[in-house]
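A.B. asks:
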Amino acid sequence: MTPRPSASPRPALRAVAATAAAALALTALAGCTLESPEPLVLGFTATSAEPLPSLGSGAADAVSAHALAAHQPAEGGVDVVVQGTSSASAHDLTPMLTADRVQQVPDKREAAVADALDALGSDVAGLTAGDEGLDLLSVLASAAALHDGGSIVVVSSGVQTADPLDLRQLGWSFDPGAVASTLADQGALPDLGGHAVTFVGLGRTAGSQPAPSISSTSRLSELWLAICDASGATSCTDGGAGASQEAPVASSAVPVVPVTSDATPCTAPLVLSAAVLFGGDSAALGSTADTALQGVADELGRCPSGVAADVVGHAADTRAGVVDGEQLSLDRAQAVHDALVRLGAPAGTLGDVVGRGDADPVVDDLPGGVFDDQLAAQNRRVEITFRSEDTAS
């Protein structure tokens, strides 16, 4: 592992730990039995064609919640797998009081986990792929092989250059479901049964690899979610862009996947995860939202005349048979609209701002009538949809 300078404490990571600690403290006060956390594996492709590896909010949230759920020694351990390496590395983030006793005081647990997150972040920044190319499929397989179940968070651009999913051969006009089905028929998918999988950083490239267009990035996300689902995962989530924009330290060669601007821009809907843009139950844009929205603003600047881009907010379905989240989804759509204008999107291209609440879910987040927050994350979104300006909205 390439040594990295020690990182200074990160306020964002400490805020994550504080939130999770407070939730666990309330659980304890309520007299609930605290179950052991399920295994958590972090996977990284860590190639020279991607930004410097980092946890980002998607991975940091998962790690913090996992560590703060630990109430026995070693329960807060996470495994880290890296493309092209033969074994996983173990990192124990359990907040300890002594060598054999777990810290139980909430604020001290929070501080211990925040420090451990800083240390893990420094270690992650030094990760480099052990072989050439980019092979997210192999990272998923390695991560799933460590435990029979639990959570997997993979940080990768997803711009695969290895068979049987070489995007140089596949191109960008694929049908995600058809590709996943073909790979399943070939027996080329990892076994993700029993695992909840989150992807972080899809479409985020660096080095010699040009960034795919916004619509190609959306299709790339659909591809990996389809592959994840076809591999039998219990849930599949796009956790949004990673935090790092720094140049990679990896040096192994990665073939360049050609990218082109959309032949017909402003046609396919653009889907933005609410988890990437907003805090929980909030319409205030987070500190990294501009990074996620700048590409969208640039894309809107390429829209042909006569096209209107509507901003549509969606919420999770929290109660069966009841319409929820209309105001929150509208407020979030308005926040995205205003940010896009500020970032340079032509105001004349932007059309209606709409809040749909939970009326149009992409998945059933109440399976069997029981709310599933991981599934709900896919329904919390803001979409940019396109129509002719002379078409009624």
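Going by the numbering used here, the residue at position 304 of the sequence shown is 357; the numbering climbs one at a time, nothing skipped. Cβ atoms here follow ideal geometry from the backbone N, Cα and C, with glycine treated the same way.
Looking at the structure shown, is Ser261 part of a helix, part of a strand, or coil, going by DSSP?
C.D. replies: coil
A.B. asks: Could you tell me which residues DSSP puts in a beta bridge with Gly96?
C.D. replies: Val134, Val207
A.B. asks: By alpha-carbon positions, which one of Asp244, Pro90, Leu338 ends up nearest to Ala120?
C.D. replies: Ranking the options by Cα distance to Ala120, first place goes to Pro90.
A.B. asks: With distances taken between CB atoms, is the gap from Ala321 to Ser271 smaller than 8 angstroms?
C.D. replies: If you check the CB distance, Ala321 and Ser271 come in under 8 angstroms.
A.B. asks: Around the C-beta of Gln157, are 16 or more other C-beta atoms found within 10 angstroms, so that it is buried, or is it exposed?
C.D. replies: exposed
A.B. asks: Skipping 5 residues on each side, what residues in its chain have a beta carbon closer than 8 angstroms to that of Asn432?
C.D. replies: Hits under 8 angstroms: His367, Ala368, Ala369, Asp370, Asp411, Pro414, Val415, Val416, Asp418.
A.B. asks: Can you give me the C-alpha to C-alpha distance between Pro106 and Pro318, rounded to a whole angstrom?
C.D. replies: 31 angstroms
A.B. asks: Whole-angstrom Cβ separation of Ala196 and Val309, contact assumed at under 8 angstroms?
C.D. replies: Between Val309 and Ala196 the Cβ distance is about 26 angstroms, and since that is not below 8 angstroms, they are no contact.
A.B. asks: Mind checking who Ile437 pairs with in its DSSP beta bridge?
C.D. replies: Leu323, Val364
A.B. asks: Would you mind sorting Ser446 into buried or exposed? The rule is 16 or more other CB atoms within 10 Å of its CB.
C.D. replies: Model confidence at Ser446 stands at a pLDDT of 49, short of 50, so the residue's coordinates are unreliable; what they give is reported in the following sentence. That one is exposed.
A.B. asks: Taking 8 angstroms as the cut-off, decide whether the C-beta atoms of Gly246 and Pro301 are in contact.
C.D. replies: no
A.B. asks: Please state whether DSSP places Cys356 in a helix, a strand or coil.
C.D. replies: coil
A.B. asks: Could you pull out every residue in the same chain whose Cβ sits closer than 6 angstroms to the Cβ of Ala215, ignoring the five residues on either side in sequence?
C.D. replies: Gly186, Asp188
A.B. asks: So, with DSSP's three-state summary, where would you put Leu383?
C.D. replies: helix
A.B. asks: Buried or exposed for Pro357, going by 16 or more other Cβ atoms inside 10 Å?
C.D. replies: exposed
A.B. asks: Between Gly109 and Val253, what straight-line distance do the alpha-carbon atoms span, to the nearest angstrom?
C.D. replies: 8 angstroms
A.B. asks: What is the residue span of the alpha helix (DSSP H) that Asp171 lies within?
C.D. replies: 159-178
A.B. asks: Within a Cβ cutoff of 8 angstroms, which residues of the same chain sit near Asp384, ignoring the five residues on either side of it in sequence?
C.D. replies: Ala336, Gly366, Gly408
A.B. asks: Does the distance from the CB of Ser326 to the CB of Asp291 come in under 8 angstroms?
C.D. replies: Cβ atoms of Ser326 and Asp291: closer than 8 angstroms.
A.B. asks: Between the beta-carbon of Ala279 and the beta-carbon of Ala430, is there less than 8 angstroms?
C.D. replies: no
A.B. asks: Give me, in chain order, the residues of the same chain whose beta-carbon lies closer than 6 angstroms to that of Ala361; leave out the 5 immediate sequence neighbours on both sides.
C.D. replies: Gly404, Arg440, Glu442
A.B. asks: Leaving out the 5 sequence neighbours to the left and right, which residues in its chain are closer than 6 angstroms to Arg355 when beta-carbon positions are compared?
C.D. replies: Contacts found: Pro318.
A.B. asks: Below 8 angstroms, can you find three or more Cβ-Cβ pairs linking the segment 167-182 to the segment 137-154?
C.D. replies: yes
A.B. asks: Determine the burial state of Arg434: buried for a count of at least 16 other Cβ atoms within 10 Å of its Cβ, exposed for fewer.
C.D. replies: buried
A.B. asks: Using the C-alpha atoms, what's the distance from Ala233 back to Gln239?
C.D. replies: 10 angstroms
A.B. asks: Nearest to Gly378 by CA position, among Val155, Asp334, Val394, is which residue?
C.D. replies: Asp334
A.B. asks: Can you tell me which of Gly422, Asp244, Gly397, Leu323 puts its alpha carbon nearest to the alpha carbon of Thr287?
C.D. replies: Asp244
A.B. asks: Taking the alpha-carbon positions, what's the Pro265 to Gly203 distance?
C.D. replies: Roughly 31 angstroms separates the two Cα atoms.
A.B. asks: Please go through the same chain and pick out, in chain order, the residues whose beta-carbon is closer than 7 angstroms to the beta-carbon of Ala78, but skip the five residues on each side of it.
C.D. replies: Model confidence at Ala78 stands at a pLDDT of 47, short of 50, so the residue's coordinates are unreliable; what they give is reported in the following sentence. Within the same chain, Ala78 has close Cβ partners Pro159.
A.B. asks: Check the DSSP bridge columns for Ala143 and list the partner residues they point to.
C.D. replies: Asp132
A.B. asks: Taking Cβ positions, are Ala303 and Thr100 nearer each other than 8 angstroms?
C.D. replies: yes
A.B. asks: Please look up how many angstroms separate the CB atoms of Ala182 and Val134, rounded, as I've assumed it's under 8 angstroms.
C.D. replies: Wrong, their Cβ atoms sit about 11 angstroms apart, outside the cutoff.
A.B. asks: For Gln427, which residues from the same chain have a beta carbon less than 7 angstroms from its beta carbon, with the 5 sequence-adjacent residues on both sides left out?
C.D. replies: Ala249, Ser288, Thr290
A.B. asks: Output yes or no for whether 8 angstroms exceeds the beta carbon distance between Leu396 and Leu346.
C.D. replies: Remark: C-beta atoms of Leu396 and Leu346 approach each other more closely than 8 angstroms.
A.B. asks: What's the gap between the Cα of Ser210 and the Cα of Leu218?
C.D. replies: Ser210 and Leu218 have their C-alpha atoms spaced approximately 14 angstroms apart.
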